[in-house]
Amino acid sequence: MDSTAPIWEEQRIIESFDVDILGRLRPQTLFAYLLNSAWNHAKGTGYGYEELSARNLMWVLIKMQLIINRQPKWGDRIAIETWGKRIERLYALRDFAVSSASGEKMISATSSWMVLNKRSGRPQRLHQKTDCFPWQPGREEIETNLQKVPELQGGRQIARFGVQFSDIDVNRHVNSTKYLQWMIDSHSLEHLEGAELKAADLSFLAEALPYDEVAVFSEGRGDGELCSVTRVSDNKELCRARFDWRPSP
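Under my numbering, the sequence shown has 144 at position 105, and the numbering climbs by one with no breaks.
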C-alpha cells in the first residue's frame, strides 16, 4: 500500500503465538500491531525510521488510549487502519481503528508522539503546513484530548522485572509494548482468566535501559486500576497506566 495515502490499512490473521491461554489476542501484541502499522505508514513521508535516523532523530510515543469493544481471537482476520490526525505544538497525533472481517469495529485507539534528537533528547518541532505527510485533521477515532494518567497515591508492589535483551528495540531502549506486558504479567492467572481489558490509557514518562530493574505498582481507583512501572535504582517513574477491566465472556 502507498505510504503517502491519507489512511494506511493492513490485514492480519491472529496466529496461535499471538494469543493467551483463552485464545484472546494479548494486549501487548495488539499494541505492537498498532505501532507497526504506524511505522509502515510513516515510511517514505520524511517521518520514517530510516529517514529520521539519518538526521539523528527518532519517534517517541508519549501517550496512548485504547478502547476494546471486543478482543480478537485466534484465527480472526482483522483490518488495521491508521492515520496522522494533526500536529499540536510539539506533538503529532495519530489514530487507529481495528475491524473484523465482517466490518465490526473491534478496537479504537488514539496516540500522541514526539520527535526527539537522539543525542540531546530535545524535542524537535513539527511543521504540518510545510511537510508532505497526509494529515487528516477532520477524522477523529476517539474525540478526546489525551491527558497524563493520574499519579498513584501509594499502591502496592506486585512484581519486579529485569530488563532483558529481548526487551530492547532498535533505539536501544525498552520498547513501549514491554511496559504494557510487564503490567499485564504482574496480575495473577486467576485475574487474567476471569477478566479482560475494556480500556487502557498509558503515559510514557522516561525510558528503561539495558540492565535496569523495574518494579510494578498497582492501586484501585474508582472502577478501574492504576499501574506504575518504576526503575528500582533511582525510583524514577517510567510508565503509568489506567486499566478498566470487564468479566471475561
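Backbone N, C-alpha and C define an ideal beta-carbon position, used for all residues, glycine too.
So what does DSSP say about residue i, is it helix, strand or coil?
i    : result
Y88  : helix
S272 : coil
G160 : coil
E143 : coil
I53  : coil
L219 : helix
L265 : strand
L132 : strand
L236 : strand
L165 : coil
Can you say whether residue i is buried or exposed, counting buried as having 16 or more other CB atoms within 10 angstroms of its CB?
i    : result
N214 : buried
D134 : buried
I119 : buried
P66  : buried
Y218 : buried
S159 : exposed
I223 : buried
G177 : exposed
V188 : buried
State the CB to CB distance for the pair residue i and residue j, rounded to an integer number of angstroms; the pair is presumed to be in contact (CB under 8 Å).
i    : j    : result
R279 : S225 : So it is not a contact: roughly 14 Å between Cβ atoms.
| said: Please give the ranges of any alpha helix (DSSP H) in the stretch 169-217, keeping only runs that are unbroken, at least 4 residues long and fully inside the region. | reply: none
| What beta strand (DSSP E) runs, 3 residues minimum, are completely inside the stretch 239-263? | 252-260
| task | At 4 residues or longer, and completely inside the stretch 59-118: list those alpha helix (DSSP H) runs for me, N to C. | result | 66-81 and 88-92
| the stretch 268-279 touching the stretch 247-256, judged by at least three CB pairs closer than 8 Å | yes
| Between the stretch 71-84 and the stretch 225-241, do at least 3 Cβ pairs fall closer than 8 Å? | no
| said: I want to know whether the stretch 143-162 touches the stretch 84-104 - three or more CB-CB distances under 8 Å. | reply: yes
| query | Given 8 Å as the limit, is there contact between the stretch 178-194 and the stretch 102-109, that is, 3 or more CB pairs closer than that? | reply | yes
| query | Counting Cβ pairs, one atom from each stretch, are 3 or more of them under 8 Å apart for the stretch 46-64 and the stretch 114-132? | reply | yes
| message | Measuring CB atoms only, is the stretch 192-212 touching the stretch 244-253, in the sense that at least three cross pairs come out at less than 8 Å? | response | yes
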